[in-house]
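Before any comments, here is the structure.
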Amino acid sequence: MNTKAMQLLLAWGGALAGAALLRWGGAHLELPSPGLPLLLSLVFLPPLAMGVWIAWRSASDNPVD
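If you read the sequence shown in our numbering, its first letter stands for residue 13, the second for the next number, and so on.
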């Protein structure tokens, strides 16, 4: 398995473990309003997608002058 896929799996596993620990510890969050997920996705999804695209490209696609 390549390094980037391993980092992605490690980050995803860490996020799930953190959420499970918060839930197990008794953290009960109120449900957000229906428009909040849409707002958050419109704000955070484009920069996140761009960052993932830049990070996922191979080094040969971005030569140094």
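Cβ atoms here follow ideal geometry from the backbone N, Cα and C, with glycine treated the same way.
Under the three-state DSSP convention, the category alanine 67 falls into: Translated into positions along the sequence shown, residue 67 becomes position 55. If DSSP states are grouped into helix, strand and coil, alanine 67 belongs with the helices.
Range covered by the alpha helix (DSSP H) that runs through glycine 37: Stepping through the sequence shown from its first residue, residue 37 is reached at position 25. Counting along the chain, glycine 37 falls outside any alpha helix (DSSP H), and DSSP gives it neither H nor E.
Quick one: grab the DSSP three-state call for glycine 26. Position 14 of the sequence shown, counted from the start, is the residue given in the question as residue 26. Three-state DSSP puts glycine 26 in a helix.
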